[in-house]
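Numbering (our numbering), first residue to last: 1134 to 1388.
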Amino acid sequence: MNDDLVIGNKHFKSRFILGSGKFSLEMTDKVIRNGGVEIATLAVRRVNKGGQQNVLDYMPKNVTLLPNTSGARTAEEALTIARLARELGCGDMIKIEIVRDSRYLLPDNAETVKAIELLVDDGFTALPYMMPDLTMAKHMADAGAAAIMPLAAPIGSNRGLLTKDFIKMMVEEIDLPIIVDAGIGRPSQACEAMELGCAAVMANTAIATASDVPEMATAFRMAIEAGRKAYLAGPGRVLKDRGEASSPLTGFLGE
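Pasting the structure below:
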């Protein structure tokens, strides 16, 4: 069965998106390969054309780049950063990050809707990072977003699926890929997100802060694949008020 992840006009086999911001450049390639990653984010400020340390030099050539607009506080600033990324050769797929809150680093949903409109008009495939809010997600879809990327918990916190119920609403109501972004701390949490029906999971801090970084990338890949398979298979029913024997209790003693 063809089960590609489709974002805009691009098709991907992997549903594990790597946030590369916290890795050393030398570790980036190994993590991508261990994770089977086909999409990797990068901050535009790490793209140093002609410099000694350029993140693009460490990205495998088959990986689709997803530059983010980290540092933007307005829609106009996000558009400027996206255009710079395109000029640097990072492509037209952009993760919109607009953050004004300096303590919790929570995205500004209203300004993000404005940014989607600006970027789509300029030819970008826009993937907005957002606070999980069904109404705002619908506005973002109407503005032309190619996917919706709600946070699971505050970015970098590794606290897991704190917004699970709200993400589930989006999966059920939004006809776009729902990609869980930020806060996932364990492979088991990534698996749970995929079991909800999310299209993909993005992880960064959970892998970068592991004792064995490449091995944790492998664990995330396997967990995301397992969660997707479980979702497609359809989970078994839940009995809340009784138990049920897993083997027949009658009919075999007399045989």
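Idealized CB from N, CA, C, for every residue including glycine.
Just so it is clear, the structure is predicted and the values come from calculations on it, not from any experiment.
For residue i, three-class secondary structure by DSSP
i, result
"Y1237", "coil"
"K1360", "The sequence shown places Gly at residue 1360, rather than the Lys named in the question. G1360 falls in the helix class under three-state DSSP."
"A1208", "helix"
"T1268", "helix"
"P1347", "helix"
"A1341", "helix"
"M1226", "strand"
"T1296", "coil"
"L1221", "coil"
"I1165", "helix"
"D1314", "strand"
"I1249", "helix"
"C1331", "coil"
"I1214", "helix"
"R1354", "helix"
"E1377", "coil"
"P1242", "Inspection of the sequence shows that residue 1242 is occupied by Asn rather than by Pro. Reduced to three states, the DSSP call for N1242 is helix."
"S1290", "coil"
"S1157", "coil"
Residue environment, residue i, which counts as buried when at least 16 other CB atoms sit within 10 Å
i, result
"V1371", "exposed"
"G1233", "Note that residue 1233 is Arg in the sequence shown here, rather than Gly. Label assigned to R1233: exposed."
"N1195", "exposed"
"E1171", "buried"
"Y1237", "exposed"
"S1157", "exposed"
"A1120", "Here the chain covers residues 1134 to 1388 and nothing more, so residue 1120 does not appear."
"L1365", "exposed"
"P1200", "buried"
"N1135", "exposed"
"R1375", "exposed"
"D1345", "exposed"
"E1230", "buried"
"S1203", "buried"
"S1153", "buried"
"G1222", "exposed"
"T1174", "buried"
"G1168", "buried"
Same chain, Cβ closer than 7 Å to residue i, neighbours up to 5 away in sequence not counted
i, result
"K1163", "P1347"
"G1318", "N1291, R1292, G1293, A1339"
"K1155", "N1337, T1338, A1341"
"G1367", "none"
Interface flag, residue i vs chain C, CB-CB below 8 Å
i, result
"T1207", "Checking the listed chains, one finds no chain C in this structure; it contains a single protein chain."
Cβ-Cβ separation, residue j to residue i (assumed contact under 8 Å), whole Å
i, j, result
"I1227", "A1259", "6 Å"
"T1197", "E1244", "So it is not a contact: roughly 26 Å between Cβ atoms."
"L1284", "P1261", "Between P1261 and L1284 the Cβ distance is about 11 Å, and since that is not below 8 Å, they are no contact."
"I1307", "K1271", "7 Å"
"L1295", "G1316", "7 Å"
"D1225", "R1216", "Not quite, the Cβ-Cβ distance comes to about 10 Å (not below 8 Å), so this is no contact."
Proximal residues to residue i (C-beta, below 6 Å), its chain only, five neighbours per side dropped
i, result
"L1309", "A1274, A1280, I1281"
"I1311", "I1281, M1303, V1304, C1331, A1332"
"V1276", "First, the amino acid is wrong: residue 1276 is Ala here, not Val. Hits under 6 Å: V1246, I1249, E1250."
"G1141", "T1258, A1279"
"C1324", "A1356, A1359, G1360"
"V1313", "A1285, A1326, C1331, V1334"
"K1143", "none"
"P1320", "A1352, F1353, A1356"
"I1288", "L1238, A1315"
Identified DSSP bridge partners for residue i
i, result
"T1174", "G1152, L1199"
"F1145", "L1138"
"P1368", "None; P1368 has no bridge partner."
"L1260", "K1228"
"A1336", "L1151"
"I1281", "I1311"
Residues near residue i by beta carbon distance below 8 Å, same chain, minus five either side
i, result
"L1212", "A1248, L1251, L1252, D1255"
"R1148", "L1138, M1327, A1332, A1333, V1334, I1357, E1358, R1361"
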